[in-house]
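For the sequence shown, the numbering used here assigns the number 43 to the initial residue and increments by one for each residue that follows. C-beta atoms are modelled at their ideal positions from N, C-alpha and C, and glycine is treated no differently.
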Amino acid sequence: MLRPPKTMFQDTVILKKLVTNPDDPYDDKKVAETTEIKNCRFTLRTVYSGTNDNRQLVSNASIVMMSTYTTPFIDFDDSYQGAIIAFNNREYTITTINRDIEPFSRKVYQYKLGVI
Numbered sequence: 043m044l045r046p047p048k049t050m051f052q053d054t055v056i057l058k059k060l061v062t063n064p065d066d067p068y069d070d071k072k073v074a075e076t077t078e079i080k081n082c083r084f085t086l087r088t089v090y091s092g093t094n095d096n097r098q099l100v101s102n103a104s105i106v107m108m109s110t111y112t113t114p115f116i117d118f119d120d121s122y123q124g125a126i127i128a129f130n131n132r133e134y135t136i137t138t139i140n141r142d143i144e145p146f147s148r149k150v151y152q153y154k155l156g157v158i
């Protein structure tokens, strides 16, 4: 599959995911697991869903993470819904996770995250 050039993926974001504290026997306390993700593409753009007066805001920005460029390449599953992405001293919440798969190898090609 034809890939865009790596020079398009110059952004670095910080992923903050709340996970259960392993030292807490009651699973009451959550701690933020922080990961710096390099070589991704962060694009500010507003996406709406709906028609006419019944439109809702879906996302304020989109983030593209390609398997060949982004380090570390994280397997975004449904547990990342609601996680925080920090970029340029602003925090965004992940609202949508789209996984693109290569047709013949069935490997994940890229993730497109919608954040608000």
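Which of helix, strand or coil does DSSP assign to residue i?
{"i": "residue 153", "result": "strand"}
{"i": "residue 120", "result": "helix"}
{"i": "residue 113", "result": "strand"}
{"i": "residue 71", "result": "coil"}
Buried or exposed, going by whether 16 or more other CB atoms sit within 10 Å of the CB of residue i?
{"i": "residue 99", "result": "exposed"}
{"i": "residue 125", "result": "buried"}
{"i": "residue 146", "result": "exposed"}
{"i": "residue 49", "result": "exposed"}
{"i": "residue 68", "result": "exposed"}
Would the beta-carbon of residue i fall within 7 Å of that of residue j?
{"i": "residue 109", "j": "residue 150", "result": "yes"}
{"i": "residue 158", "j": "residue 81", "result": "no"}
{"i": "residue 57", "j": "residue 79", "result": "yes"}
Figure out for me which residue from the options has the closest Cα to the Cα of residue i.
{"i": "residue 76", "options": "116, 46, 106", "result": "116"}
{"i": "residue 141", "options": "57, 105, 71", "result": "105"}
{"i": "residue 83", "options": "137, 144, 148, 112", "result": "112"}
{"i": "residue 85", "options": "139, 138, 53, 137", "result": "53"}
For residue i, which residues in the same chain have their Cβ closer than 6 Å to its Cβ, ignoring the five residues on either side in sequence?
{"i": "residue 97", "result": "90"}
{"i": "residue 45", "result": "none"}
{"i": "residue 133", "result": "126"}
Skipping 5 residues on each side, what residues in its chain have a beta carbon closer than 7 Å to that of residue i?
{"i": "residue 136", "result": "122, 123, 124, 125, 127, 155, 157"}
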